[in-house]
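Position one of the sequence shown corresponds to residue 132 (my numbering), numbered consecutively onward. The beta-carbon is built from N, C-alpha and C at its ideal position, and this holds for glycine as well.
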Amino acid sequence: MKREVTKAIFPVAGLGTRFLPATKSIPKEIMTLVDRPLIQYAIDEAREAGITEFIFVTSRGKGALEDYFDHSPQLESELHKKGKAELLKILKNTNMDSGAIAYIRQYKALGLGHAVWCARRLIGDEPFAVILPDDVISSEKSCLKQMVQAYNDVGGLMVAAMEVPQDKTSSYGILNVAQQQKNLIAINGMIEKPAQGDAPSNLAVIGRYILTPNIFTHIEKQNFGAGGEIQLTDAIANEIDIGHAVNGFLFEGQRFDCGTKAGFLQATISFALAREDLRDELTDYLNKLVSVINVAQ
Ligand code: G1P
Numbered sequence: 132m133k134r135e136v137t138k139a140i141f142p143v144a145g146l147g148t149r150f151l152p153a154t155k156s157i158p159k160e161i162m163t164l165v166d167r168p169l170i171q172y173a174i175d176e177a178r179e180a181g182i183t184e185f186i187f188v189t190s191r192g193k194g195a196l197e198d199y200f201d202h203s204p205q206l207e208s209e210l211h212k213k214g215k216a217e218l219l220k221i222l223k224n225t226n227m228d229s230g231a232i233a234y235i236r237q238y239k240a241l242g243l244g245h246a247v248w249c250a251r252r253l254i255g256d257e258p259f260a261v262i263l264p265d266d267v268i269s270s271e272k273s274c275l276k277q278m279v280q281a282y283n284d285v286g287g288l289m290v291a292a293m294e295v296p297q298d299k300t301s302s303y304g305i306l307n308v309a310q311q312q313k314n315l316i317a318i319n320g321m322i323e324k325p326a327q328g329d330a331p332s333n334l335a336v337i338g339r340y341i342l343t344p345n346i347f348t349h350i351e352k353q354n355f356g357a358g359g360e361i362q363l364t365d366a367i368a369n370e371i372d373i374g375h376a377v378n379g380f381l382f383e384g385q386r387f388d389c390g391t392k393a394g395f396l397q398a399t400i401s402f403a404l405a406r407e408d409l410r411d412e413l414t415d416y417l418n419k420l421v422s423v424i425n426v427a428q
């Protein structure tokens with residue numbers, strides 16, 4: 132089996148009900164942090180990590196997501212004519228090479244494990260990455276690149292990991308830790324959304340994975356886990372059970388949970404404050420707002 136990771140699966144079939152009514156007509160992944168859709172952050176992260184083949188697992192109503200990656204010759208020539216070089220560069224950065232993207236439909240919403248399994252025929256016999264676009268990670272070196280570099284050293288399967296407060300463990304896949312060496316954690320078990328008090332640690336899986344095709348043999352069994360869904364976490368735990376090495380990777384960077392409104396807003400503010408063209412005006416506004424809130428309290 133080839134070791135290099137060049138393919139990534141993006142599960143984007145979810146309905147995004149937390150963002151209704153917006154997601155009635157816009158796929159959640161097209162919602163923007165400042166001026167870039169969530170999916171663009173995921174793609175940029177993958178590209179930086181050396182990914183060249185992008186596999187989207189979609190569902191009904193995700194047409195805008197497919198259109199987003201189309202080239203836009205008319206818009207490009209308008210910007211060119213008007214001498215808007217900077218905008219043209221930004222626009223071209225969203226273009227994808229022909230054949231670099233594949234779309235696979237998940238016909239039934241049976242869970243994350245099932246969504247990943249839908250892409251099995253496009254993966255073949257190679258290791259691959261999975262990126263959940265809801266988890267946006269701001270970092271100097273892209274989170275997936277950090278993982279790919281670690282994976283190139285140690286092999287096995289790998290999941291991104293982060294400490295979460297004890298009372299939040301029931302929202303995540305949680306690691307059972309065998310041994311920790313710096314930012315690498317050897318895992319001897321994983322449990323999806325444990326009940327309060329049952330979490331084996333407070334180390335949570337964050338939506339970045341490096342997996343091998345053997346994972347599909349477990350998902351194929353269609354075992355339903357937490358929330359009545361076919362869970363990716365369970366399939367990774369099955370890999371551990373048959374003796375395959377799985378590591379948690381404590382990445383450097385700040386993670387935003389853009390699957391929730393609060394996380395999405397925090398990401399928006401943080402990314403806006405990082406932008407030179409917005410920083411001063413927004414800081415002024417936030418300072419004023421905070422002093423008004425303080426006075427009112
Ligand atoms: C998914 C995974 C979970 C992981 C989480 C990270 O859960 O199933 O193991 O911890 O993403 O964001 P979801 O948030 O889709 O319920």
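For residue j and residue i, believed in contact at Cβ under 8 Å, the rounded distance
i      : j      : result
Phe187 : Phe141 : 5 Å
Val143 : Leu196 : 6 Å
Ala292 : Leu381 : 6 Å
Asn319 : Ala326 : Contact doesn't hold; Cβ gap of about 20 Å is too wide.
CB of residue i within 8 Å of CB of residue j, strictly
i      : j      : result
Asp365 : Asn354 : yes
Thr183 : Ala250 : no
Asp265 : Gly356 : no
Leu241 : Glu360 : yes
Gly384 : Ile268 : yes
Met449 : Asn307 : Residue 449 falls outside the range modelled here, since the chain spans only 132 to 428, and no answer is possible.
Thr391 : Arg149 : yes
Ala180 : Val279 : yes
Val162 : Phe200 : Sequence inspection shows Met at residue 162; the Val mentioned does not correspond to that position. Cβ atoms of Met162 and Phe200: not closer than 8 Å.
Ile341 : Tyr282 : yes
Ala139 : Phe185 : yes
Lys155 : Gly145 : no
Ser273 : Glu412 : no
Glu288 : His375 : Position check: residue 288 holds Leu in this sequence, whereas Glu was assumed. Their beta carbons are under 8 Å apart, which means Leu288 touches His375 by this criterion.
Leu169 : Cys389 : yes
Gln171 : Thr225 : yes
Coarse secondary structure for residue i, derived from DSSP in three states
i      : result
Leu164 : strand
Arg191 : coil
Val295 : coil
Arg410 : helix
Tyr172 : helix
Pro142 : strand
Phe382 : coil
Val247 : helix
Ala393 : helix
Ala376 : coil
Tyr234 : strand
Asp415 : helix
Candidates the options, of which the one nearest residue i by Cα
i      : options                           : result
Ala330 : Gly356, Val336 and Ser301         : Ser301
His349 : Ala368, Val336 and Gly359         : Ala368
Val285 : Asn314, Glu207 and Tyr172         : Asn314
Leu363 : Ile373, Asp372, Gly374 and Phe347 : Phe347
Gly194 : Lys138, Asn345, Ile235 and Ser273 : Ile235
Gly255 : Arg134, Ala403 and Gln297         : Arg134
Val165 : Val421, Gln277, Phe395 and Gln428 : Phe395
Ile221 : Ser229, Leu206 and Ala233         : Leu206
Val290 : Ala309, Glu271, Ile316 and Ser422 : Ile316
Pro344 : Glu257, Gly358, Ser270 and Ile157 : Glu257
Ala405 : Lys223, Lys213 and Glu271         : Glu271
Gly304 : Gln311, Lys276, Gly358 and Gln277 : Gly358
Glu294 : Arg386, Ser190, Asp198 and Lys215 : Arg386
Ser190 : Lys276, Pro204 and Lys239         : Lys239
Residue i at chain C interface by Cβ criterion, 8 Å
i      : result
Ala291 : Among the protein chains of the structure shown there is no chain C, as only one such chain exists.
(message) At 3 residues or longer, what runs of the beta strand (DSSP E) sit wholly inside the region 265-293?
(response) 266-269
(request) Could I get the ranges of all uninterrupted beta strand (DSSP E) runs contained in the region 286-366, with 3 residues as the minimum, in chain order? (result) 288-294, 304-312, 315-323 and 334-342
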